[in-house]
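Student: In the numbering used here, the protein residues as written are -11 to 169.
Cβ atoms here follow ideal geometry from the backbone N, Cα and C, with glycine treated the same way.
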């Protein structure tokens, strides 16, 4: 992130998303031609579990607990909010700029999705949704579609897919461990 985060966020807020299927993680079928991820776990049961998971998701705690640094353009996840995630240490790390493209806030179902911006090593979208079933069980689902954004990333595609699976697992653990919400 540059020395002037406000300027960088402003540029990213106006930048086009790097894929055409904006909002497709809401659909039942993810778009063809991409690598897909779809993982879901049970977090427990009850309104307290649901509220805690939703708060940890929307205030970016889940991402931090997964080991990423998080800079965002403003507060909780909401459409238009830019988030720049950073993975790794020092020069070995990489930045992951995204913008929230949709949210859902319904009784028993809350979440959001963000899409990739220029500078992200992949292009695509990822959604995070917490639901409470009729019997009170709380579930957390992550869905994504992505492709490498450059030739260099394409050359390391097997590593990129492993890295995505690793981060997805870290997100799931970040919300599932007792006391972590």
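At a cut-off of 8 angstroms, is residue 73 close to the ligand GTP when judged by its beta-carbon and the heavy atoms of the ligand?
Tutor: Here there are no bound small molecules, and the ligand GTP is not part of this structure.
Student: DSSP state of residue 18, grouped into three classes?
Tutor: Along the chain shown, one-based indexing puts residue 18 at 30. In this structure, residue 18 counts as coil in the three-state DSSP scheme.
Student: Considering Cα atoms alone, identify which of 7, -5, -1, -4 is closest to residue 89.
Tutor: Translated into positions along the chain shown, residue 89 becomes position 101. Cα-wise, what sits closest to residue 89 is 7.
Student: Which residue spans inside the stretch 100 to 135 form an unbroken beta strand (DSSP E) run of at least 3?
Tutor: Runs found: 110 to 120.
Student: Can you tell me which residues form a DSSP beta bridge with residue 60?
Tutor: Position 72 of the chain shown, counting from 1, holds the residue named residue 60. Answer is 71.
Student: Where residue 50 and residue 74 are concerned, what is the direct C-alpha to C-alpha distance, given to the nearest angstrom?
Tutor: Here residue 50 corresponds to residue number 62 of the chain shown, with the count starting at 1. Here residue 74 corresponds to residue number 86 of the chain shown, with the count starting at 1. Their backbone Cα atoms lie some 14 angstroms apart in a straight line.
Student: Under a three-way DSSP split, which group does residue 43 fall into?
Tutor: Counting from 1 along the chain shown, the entry for residue 43 is found at position 55. Three-state result, residue 43: helix.
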